[in-house]
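S.K.: In my numbering, the protein residues as written are 32 to 198. Got a structure for you, questions after.
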């Protein structure tokens, strides 16, 4: 066997090992990030949410909202002996002014996946608002809770009553 072919085989073996290691690290990264999403030095720092991150995905906010509702129900069950008047929950509504319809997206960006649409003139229920991609001079997006949780550009939703809270 010539020395050149031996080096070639060692290089191939090294590339295979490096590729396998990289694949293993890539597969393990989501689990590691779920356990500790920020480095220790950055935990106390507050930063503005990135509209392209999963933190603002409609499904993530829906899960968070459902967890909060479940927690509130558990607290209410514990306090059944104590009768307290409950404050009515604030609901926000809006009317779609986009013709012929408004596209709904899974994140507050124009490039995110389209998950549905709402016809012109429809009344929608709004959970909260956030900043996202600029649409005709308006960078606000509303998280709609009608059936499926999805984002709609505030440029094409006219508020009915009070403006929604921030997410």
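For glycine and all other residues, C-beta sits at the position ideal for the given N, C-alpha and C.
Just the C-alpha distance for residue 154 and residue 168, rounded to the nearest angstrom, thanks.
M.R.: Straight-line Cα distance between these residues: approximately 23 Å.
S.K.: Could you spell out where the beta strand (DSSP E) holding residue 148 opens and where it closes?
M.R.: First-last of the beta strand (DSSP E) with residue 148: 145-150.
S.K.: Among residues of its own chain, excluding the 5 on either side of residue 77, which ones have a beta-carbon nearer than 6 Å to its beta-carbon?
M.R.: Confidence at residue 77 is low in this model, with a pLDDT of 41, below 50, so the placement of that residue is unreliable and no value is reported for it.
S.K.: Considering only C-alpha positions, which residue in the set 163, 157, 151 and 132 is nearest to residue 141?
M.R.: Answer by Cα proximity: 163.
S.K.: Whole-angstrom Cβ separation of residue 127 and residue 187, contact assumed at under 8 Å?
M.R.: Correct: roughly 6 Å between the Cβ atoms.
S.K.: Could you tell me if the beta carbon of residue 159 falls within a distance shorter than 7 Å of some heavy atom in the ligand ADP?
M.R.: For the ligand ADP, the structure offers nothing, since it holds no ligand at all.
S.K.: Nearest to residue 170 by CA position, among 176, 161 and 124, is which residue?
M.R.: With distances taken between Cα atoms, residue 170 lies closest to 161.
S.K.: Hey, out of 178, 104, 184 and 107, whose CA is closest to residue 143's CA?
M.R.: Measuring from the Cα of residue 143, the nearest candidate turns out to be 184.
S.K.: Go through its chain and collect everything with a Cβ distance to residue 133's Cβ below 6 Å, but skip five positions before and after it.
M.R.: Here the set comprises 127, 149, 183 and 187.
S.K.: Does the separation of the CB atoms of residue 156 and residue 179 fall below 8 Å?
M.R.: No.
S.K.: How would you label residue 131, buried or exposed, when you count the other beta carbons within 10 angstroms and need 16 or more for buried?
M.R.: It counts as exposed.
S.K.: Name, in chain order, the residues that DSSP records as bridge partners for residue 184.
M.R.: Paired residue(s): 172.
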